[in-house]
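Student:
2 protein chains.
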Amino acid sequence: MTKSNYHHGDLRNSLIDTAIQLMGEHGVTRLSLREVAKSAGVSSAAPYRHFRDKAALLEAVASVGFRRIEKENSGACEKFPDDPCEQLRAAGLAYLHFAAEEPEIIALMFGRGVSLENCGDELQQAAQGAFQSLARIIEKGQSRGVFKRLELHDMTLATFSMVHGLSMMLALGPLKPAQSDSARINALGNLATTMLLEGLLER
Amino acid sequence: MTKSNYHHGDLRNSLIDTAIQLMGEHGVTRLSLREVAKSAGVSSAAPYRHFRDKAALLEAVASVGFRRIEKENSGACEKFPDDPCEQLRAAGLAYLHFAAEEPEIIALMFGRGVSLENCGDELQQAAQGAFQSLARIIEKGQSRGVFKRLELHDMTLATFSMVHGLSMMLALGPLKPAQSDSARINALGNLATTMLLEGLLER
DNA sequence: ACCTGAACACCGTTCAAGT
DNA sequence: ACCTGAACACCGTTCAAGT
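Read top to bottom, the protein sequences are chains L and A. Letter by letter, the first sequence follows residues 1 to 203 in the working numbering. Letter by letter, the second sequence follows residues 204 to 406 in the working numbering.
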């Protein structure tokens with residue numbers, strides 16, 4: 001059933017899934033297109049019917065990651081409909097847990113292997129969607145008078161940078177936690193959120 | 204002179220320099236060890252006398268990057284010996300300019316291609332040195348009573364994350380500026396520093 | 001001690017040919 | 001329309017052999 005699907009129209013998605021799984025096993029760096037093809041039960045040339053490039057397949061995987069982040073951000077909004085601070089905290093924590101869960105996808109999304117500027121529409125839109133879902137949280141905070149009214153785009157950028165930078169460290173940095181140590185991740189996320197909200201300065 | 208050096212003891216450094224230059228031309232992703240060797244005027248097997256691996260060469264390049272950051276941080280300290288806020292701002296700006304100048308080295312240092320946990324001593328020490336030079340700034344801010352007294356390591360981490368996340372965006376993100384647009388970089392760095400110091404919250 | 005040349009297994013990509 | 005098999009140029013790495 002699953003297998004036969006591969007050969008009547010779903011090869012594209014099957015290749016994406018296989019790539020994600022293999023990346024989880026031995027990293028983006030060591031991922032070869034031939035391996036993905038073989039593992040999906042298809043010849044080395046078959047992927048080229050669905051992706052222009054190896055890069056195009058990687059872009060598709062990165063898009064999955066960005067859509068996931070957008071979904072988490074939206075979820076955080078709905079969970080705390082009236083509290084932008086808690087929305088931010090929830091969104092940040094979700095991002096961090098995602099990074100701990102799927103470090104290789106995060107590495108792919110930003111690290112390299114995908115360019116984010118000379119890329120296809122799918123990835124472009126997925127990335128912008130994720131960014132805008134965060135901007136919406138900040139904007140709401142501004143309109144409620146709890147956040148500063150600096151330039152929205154730049155504030156979003158700085159916020160994203162903080163959480164993303166932390167997730168990079170978690171995903172592949174010096175402080176990769178002992179296999180998804182949930183408590184440690186929460187502690188870090190909460191600290192980062194507090195610092196983001198209140199700043200370094202003593203009041 | 205330079206060329207003859209390559210063949211009496213300096214091949215190691217020559218390979219590092221060549222790799223950095225080639226990365227600048229066409230990115231880490233497309234960098235091959237054979238190409239580095241050829242470009243340094245040496246056979247494909249020669250690098251293996253000086254580096255265990257292709258990965259080991261990349262680690263050496265990443266180390267160069269971390270040492271550069273440490274130096275910038277120290278410089279920022281000396282420039283404003285009595286003002287931790289300005290130290291932080293100067294360090295952040297230097298990091299951002301470095302990222303704009305050598306995006307591929309930044310991509311290598313964090314993006315992937317170097318693991319930072321299963322790595323050689325040289326890289327380990329270089330990375331820790333960079334981290335600690337930042338921690339020193341924060342610590343001084345705490346002891347002068349201008350920064351909050353949260354856990355030093357975590358505060359350093361969050362600070363580093365903010366600046367690093369921003370530099371990632373600059374280096375290879377959606378907002379790569381028009382070839383080292385210095386004014387834009389400064390504006391971003393200043394905004395990030397302000398947000399870092401004062402937080403998102405309206406006072 | 002340091003480097004070369006040839007070799008091995010693998011890779012991305014293309015293309016004629018099959019169904 | 002979608003896939004295969006064989007081919008091309010390239011890659012990382014090893015190793016005997018050269019100086």
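All C-beta atoms in this analysis are idealised placements derived from N, C-alpha and C, irrespective of residue type, glycine included.
Spell out whether any CB of chain L is found under 8 Å from the CB atom of residue 228 of chain A.
Tutor: no
Student: Taking 8 Å as the CB-CB cut-off, is residue 53 of chain L touching chain A?
Tutor: no
Student: Show which residues of chain A have a CB atom less than 7 Å away from the CB atom of residue 202 of chain L.
Tutor: 348, 349, 350 and 351
Student: Distance check for residue 290 of chain A and residue 346 of chain A, CA to CA, integer angstroms please.
Tutor: The alpha-carbon separation between residue 346 of chain A and residue 290 of chain A amounts to approximately 15 Å.
Student: My parser needs the beta strand (DSSP E) runs of 3 or more residues fully inside the segment 63 to 92 of chain L; what are they?
Tutor: none
Student: Provide the residue span of the alpha helix (DSSP H) that contains residue 318 of chain A, from first to last.
Tutor: Segment: none, residue 318 of chain A is in no alpha helix (DSSP H) and carries neither H nor E.
Student: Given residue 270 of chain A, which residues of its chain have a CB within under 6 Å of its CB, disregarding the five upstream and five downstream residues?
Tutor: Sequence-distant partners of residue 270 of chain A (beyond 5 residues in either direction) whose C-beta falls short of 6 Å from its own C-beta, in its chain, are 329.
Student: Identify whether residue 403 of chain A lies in helix, strand or coil by the three-state DSSP scheme.
Tutor: coil
Student: Taking only three categories from DSSP, how would you classify residue 254 of chain A?
Tutor: coil
Student: Anyone know if the C-beta pair for residue 218 of chain A and residue 238 of chain A falls short of 8 Å?
Tutor: no
Student: If you draw a straight line from the C-alpha of residue 109 of chain L to the C-alpha of residue 28 of chain L, how long is it?
Tutor: 11 Å
Student: Where residue 369 of chain A and residue 192 of chain L are concerned, what is the direct C-alpha to C-alpha distance, given to the nearest angstrom?
Tutor: 15 Å
Student: Is the number of C-beta pairs between the segment 60 to 75 of chain L and the segment 94 to 106 of chain L that are closer than 8 Å three or more?
Tutor: yes
Student: Under 9 Å between beta-carbons, which chain A residues line up against residue 188 of chain L? List them in chain order, please.
Tutor: 357, 360 and 361
Student: Taking Cβ to Cβ, would you say residue 228 of chain A is nearer than 8 Å to residue 317 of chain A?
Tutor: no
Student: For residue 47 of chain L, count neighbouring Cβ atoms within 10 angstroms of its own Cβ and tell me buried if that reaches 16, exposed if not.
Tutor: Counting the other Cβ atoms within 10 Å of the Cβ of residue 47 of chain L gives 16 or more, which makes it buried.
Student: What does a CB cutoff of less than 8 Å around residue 131 of chain L pick up in its chain, not counting 5 residues either side in sequence?
Tutor: 156 and 160
Student: In three-state DSSP terms, what is residue 1 of chain L?
Tutor: Confidence at residue 1 of chain L is low in this model, with a pLDDT of 36, below 50, so the placement of that residue is unreliable and no value is reported for it.
Student: Kindly identify the DSSP beta-bridge partner or partners of residue 147 of chain L.
Tutor: A:404
Student: For residue 145 of chain L, does the count of other Cβ atoms within 10 angstroms reach 16, so buried, or fall short, so exposed?
Tutor: Exposed.
Student: Going by beta-carbon coordinates alone, are residue 141 of chain L and residue 401 of chain A separated by less than 8 Å?
Tutor: no
Student: Assuming the contact rule is C-beta atoms closer than 8 Å, residue 20 of chain L and residue 61 of chain L should be a hit. Round their C-beta distance to whole Å, please.
Tutor: Correct: roughly 6 Å between the Cβ atoms.
Student: Step through the CB atoms of chain L and report whether any lies within less than 8 Å of the CB of residue 401 of chain A.
Tutor: The C-beta of residue 401 of chain A comes closer than 8 Å to at least one C-beta of chain L.
Student: According to DSSP, is residue 181 of chain L part of a helix, a strand, or is it coil?
Tutor: coil
Student: Out of curiosity, what's the CA-to-CA distance linking residue 153 of chain L and residue 384 of chain A?
Tutor: 18 Å
Student: Which term fits residue 89 of chain L, buried or exposed, when burial requires 16 or more other beta carbons within 10 angstroms of its beta carbon?
Tutor: Within 10 angstroms of the beta-carbon of residue 89 of chain L lie 16 or more other beta-carbons, which makes it buried.
Student: In chain order, what residues of the same chain have a beta carbon less than 6 Å from the beta carbon of residue 124 of chain L, not counting five sequence neighbours either side?
Tutor: Answer for residue 124 of chain L: no residue qualifies.
Student: Please classify residue 30 of chain L: does DSSP put it in a helix, a strand, or coil?
Tutor: coil
Student: Within 8 Å (strictly less), CB to CB, does residue 367 of chain A reach chain L?
Tutor: Contact of residue 367 of chain A with chain L is assigned, a C-beta pair being separated by under 8 Å.
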